[in-house]
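Numbering (my numbering), first residue to last: 61 to 480.
Glycine residues also receive a C-beta, built at the ideal position from the N, C-alpha and C atoms.
Report on the following structure.
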């Protein structure tokens, strides 16, 4: 049996640095205390391309080096938008006690008793290395652009899925040989499993899926460690050669509002007939969503704060108001009510005023005709409007002002204007 720490989707970058580093650091501490024999990072270790002198790159390198001083480390190429090709190359030269192997192309890797990685010369081993401890079949992010250039953009997703299914089935022969040698077999990849759930509890359905569980199980690896989806989830299969398990570790921390479930890393125990993984939670930040259908009500907000602990939490307040009521939202009062929160994010959705237009109004000759047409379209009584319009046309401004002042004086009853 081999014990493996499975980390994924660290997303180190300026925006996520504090969350990622706190959670990954805690995960490494737990993994070392658990006595793991190897570590797998299944993609998206960075949030985007990082300069080597950036604080995020410095902290990620330091943490991986700390991990490599404890056990051999395998790092998989993730999504190209997060991890441009070549981003992980620096980790090959860390110089830790154990080597870091970066997987940026499809192939197999053997974990040797001395803690070194032995890499297949082609996409799989023709002959398994003598004395290997575990066999890893690795499928980093597939470049769909290259496939699209061959088969066309519309058919690229389907073609990728078909090619991957054939490839995964091709690993089965090597994995069966490993099992006859009492060597655990493990698959590692970064992509989407059809029917999986996102971190927001939404099924991932569409034409861009790269795997089916059937294709992954067809590789006949006891364990398949996945990255890309930020929610931990797993699938099991009882096969002729024992129990198989596919699992996403999920993201190491909580990087967005509204994410469901615990965040953490997976502790795997894999042998030739079974694979067991358990989620080890990290100290991910707490997020709270407070949603109003209309304008935020401060009393309701205070009740919500009293019912749940927002101290130290990251709180998002959302509301929907009409355009004319947008200025009635007291943002400062909301901030004050949530003063104990670590962060307050205010998101107001403004519903624009829908204005009714009268058909053909621009073709009418006079302003009086246009006002009449508009009033009929909107159901407004227009007699008073037309009377005022007539005064504006026939009278001078000072005459209109004089009549208004005279009317006010008469309404006061004392010959003067009230309040003056």
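(1) Please report how far the alpha carbon of residue 84 lies from the alpha carbon of residue 382, in whole angstroms.
(2) Between the Cα of residue 142 and the Cα atoms of 395, 250 and 228, which residue gives the shortest distance?
(3) Would you mind working out which of 449, 244, 150 and 224 sits nearest residue 169, comparing C-alpha positions?
(4) Could you check where the beta strand (DSSP E) with residue 306 kicks off and where it finishes?
(5) Report the residue from 420, 343 and 380 whose alpha carbon sits nearest the alpha carbon of residue 409.
(6) Could you pull out every residue in the same chain whose Cβ sits closer than 6 Å to the Cβ of residue 99, ignoring the five residues on either side in sequence?
(7) What is the rounded straight-line gap between the Cα of residue 442 and the Cα of residue 433?
(8) Rounded to whole angstroms, what's the CA-CA distance from residue 462 to residue 435? Just pull it up for me.
(9) Are the CB atoms of residue 151 and residue 201 within a distance shorter than 9 Å?
(10) Answer yes if the region 389 to 404 comes into contact with the region 422 to 432, meaning at least three C-beta pairs across the two stretches below 8 Å, and no otherwise.
(11) Starting from residue 405, follow its DSSP beta bridges and name the residues at the other end.
(12) Could you tell me the boundaries of the beta strand (DSSP E) in which residue 337 lies?
(13) Does the Cβ-Cβ distance between residue 368 and residue 389 come in under 9 Å?
(14) Residue 97 to residue 176, Cα distance in whole Å?
(15) When you compare the CB positions of residue 284 and residue 226, do they come within less than 9 Å of one another, or not?
(16) Output the boundary residues of the alpha helix (DSSP H) element that contains residue 89.
(17) Is the separation between the beta-carbon of residue 87 and that of residue 120 shorter than 9 Å?
(18) Helix, strand or coil: which one does DSSP assign to residue 210?
(19) Would you call the region 357 to 367 and the region 328 to 343 in contact, with 3 or more CB pairs under 8 Å?
(20) Taking the CB atoms as reference points, tell me whether residue 288 and residue 107 lie closer together than 9 Å.
(21) Which residues in the same chain have their Cβ closer than 6 Å to the Cβ of residue 412, if we skip the five residues on either side of it in sequence?
(22) What residues are listed by DSSP as bridge partners for residue 197?
(23) Any C-beta of chain D sitting closer than 9 Å to the C-beta of residue 438?
(24) What does DSSP give as the partner residue(s) for residue 350 in the beta ladder?
(25) Does DSSP classify residue 223 as helix, strand or coil?
(26) For residue 259 and residue 301, which I take to be in contact (beta-carbon distance under 8 Å), what is that distance rounded to the nearest angstrom?
(27) Can you tell me whether residue 71 is buried or exposed? The criterion is at least 16 other CB atoms within 10 Å of its CB, across all chains shown.
(28) At what residues does the alpha helix (DSSP H) containing residue 556 begin and finish?
(29) Measure the Cβ-Cβ separation of residue 95 and residue 136 and say whether it is below 9 Å.
(30) Roughly how many whole angstroms lie between the Cα atoms of residue 196 and residue 391?
(31) Considering residue 363, what are the terminal residues of the alpha helix (DSSP H) in which it resides?
(32) Mapping the DSSP letters down to three states, classify residue 469 as helix, strand or coil.
(33) Out of 356, 198, 188 and 271, which has the shortest C-alpha to C-alpha gap to residue 224?
(34) By the DSSP assignment, the beta strand (DSSP E) with residue 64 in it spans what residues?
(35) Could you spell out the range, first to last residue, of the beta strand (DSSP E) harbouring residue 131?
(36) Helix, strand or coil for residue 109, going by three-state DSSP, please let me know.
Reading off the structure:
(1) 43 Å
(2) 250
(3) 244
(4) 302 to 308
(5) 380
(6) 65, 127, 131 and 133, listed in sequence order.
(7) 10 Å
(8) 29 Å
(9) no
(10) no
(11) 376
(12) 335 to 341
(13) no
(14) Those two C-alpha atoms are separated by around 12 Å.
(15) no
(16) 77 to 93
(17) no
(18) With a pLDDT of 43 at residue 210, under the threshold of 50, the predicted position of this residue should be treated as unreliable, and no value is reported.
(19) no
(20) No, these two residues do not count as a Cβ contact at 9 Å.
(21) 383
(22) Partner(s): 168 and 247.
(23) Among the chains in the structure shown there is no chain D, since it carries only a single protein chain.
(24) 377
(25) helix
(26) About 33 Å; that fails the 8 Å criterion.
(27) buried
(28) The first residue shown for the chain is 61 and the last is 480, placing residue 556 beyond what the model contains.
(29) No, the pair does not count as a contact, with Cβ atoms beyond the cut-off.
(30) 53 Å
(31) 358 to 367
(32) Three-state DSSP puts residue 469 in a helix.
(33) 271
(34) 62 to 67
(35) Element bounds for residue 131: n/a, residue is neither H nor E.
(36) Correct three-state label for residue 109: coil.
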